[in-house]
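Undergrad: Residue numbers (the numbering used here): 1310 to 1382. Heads up, the beta-carbon is just placed ideally off N, CA and C, and yes, glycines get one too. Take a look at the following structure, please.
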Amino acid sequence: DHGPIDGVGMGAMTMGFDIAGDVDLTGFSEGDTVAFEVKQGRDGAYRIMSICNTGTEGADCLDTKIARPGSPE
């Protein structure tokens, strides 16, 4: 769930995503605050490719999980 995102004109909603096969959700609980990366597959489905708990791992936790072009892995 998320509240309204005024900058893009998006209202509050619940968004459902598929999960990529190598993403482990066992350490997460309902109500956790998370950051995640979503990509659209060739089949049109949106999948969570990477996820982290910002409450326990810090607000920039996703930066350490995603290799960015031009950055060391």
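1. May I ask you to list the residues that DSSP assigns as paired with Asp1327?
2. Distance check for Glu1346 and Asp1369, CA to CA, integer angstroms please.
3. DSSP beta-bridge partners for Glu1346?
4. Under 9 Å, do Phe1326 and Asn1362 count as touching if we go by C-beta distance?
TA: On the basis of the coordinates in this document:
1. Locating residue 1327 in the sequence shown gives position 18, where the first residue counts as 1. For Asp1327, DSSP records a beta bridge to Arg1356.
2. To locate residue 1369, count along the sequence shown from 1; it is residue 60. To locate residue 1346, count along the sequence shown from 1; it is residue 37. Answer to the nearest angstrom: the Cα atoms are 13 Å apart.
3. Numbered from its first residue, the sequence shown carries residue 1346 at position 37. Partner(s): Ser1359.
4. Residue mapping note: residue 1326 aligns to position 17 of the sequence shown, counting from 1. Residue mapping note: residue 1362 aligns to position 53 of the sequence shown, counting from 1. Cβ distance not < 9 Å, so Phe1326 and Asn1362 don't count as in contact.
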